[in-house]
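Peer 1: Could you have a look at this structure, given as structure tokens, before my questions?
Numbering (the working numbering), first residue to last: -8 to 99.
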């Protein structure tokens, strides 16, 4: 079964003038990147965020944990990044996250 949306069936739509057109993108930009890696005895995390516009917000956070117990080695890395930009009615946003976990069990 398939259904189609026919715009003329939407009675609540009205024509708009050019002054009401909403534009997006263009002179604003937002970008994020995250990376993580774990292994026996190490955890690495990286995060970056960038935004270009009149009003901008960026946030990049990382956290690493390495625990070595007598028979268990645990490593965890997390990275998050958020970016937002706005100029007039133009907006851009980006979000990224990454997690790596390593668990190694050894004989006591």
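The C-beta atom is built at its ideal place from N, Cα and C for all residues, glycine as well.
Assuming residue 49 and residue 74 form a contact by the criterion Cβ under 8 Å, report the distance between their Cβ atoms to the nearest whole angstrom.
Peer 2: To locate residue 49, count along the chain shown from 1; it is residue 58. To locate residue 74, count along the chain shown from 1; it is residue 83. About 5 Å separates the two Cβ atoms, so the contact holds.
Peer 1: On the DSSP bridge list, what partners appear for residue -1?
Peer 2: By 1-based counting over the chain shown, the position of residue -1 is 8. DSSP output for residue -1 lists no bridge partner at all.
Peer 1: Measure from the alpha carbon of residue 71 to the alpha carbon of each residue in 34, 89 and 21, then state which is nearest.
Peer 2: For this step, residue 71 is matched to residue 80 along the chain shown. That would be 89, whose Cα lies nearest to the Cα of residue 71.
Peer 1: Determine the extent of the beta strand (DSSP E) in which residue 29 is found, giving its start and end residues.
Peer 2: Locating residue 29 in the chain shown gives position 38, counting from the first residue. That run of the beta strand (DSSP E) goes 20 to 30.
Peer 1: Whole-angstrom Cβ separation of residue 40 and residue 23, contact assumed at under 8 Å?
Peer 2: Counted from its first residue, the chain shown places residue 40 at position 49. Counted from its first residue, the chain shown places residue 23 at position 32. The Cβ separation is near 5 Å, so the contact holds.
Peer 1: With 8 Å as the threshold, decide whether the Cβ of residue 40 is near any Cβ in chain C.
Peer 2: Included in the structure is just one protein chain, with no chain C present.
Peer 1: Once the 5 residues before and after residue 97 are set aside, which same chain residues still bring their CB inside 8 Å of it?
Peer 2: Taking the chain shown and counting its residues from 1, one reaches residue 97 at position 106. Only 62, 63 and 64 meet the Cβ criterion.
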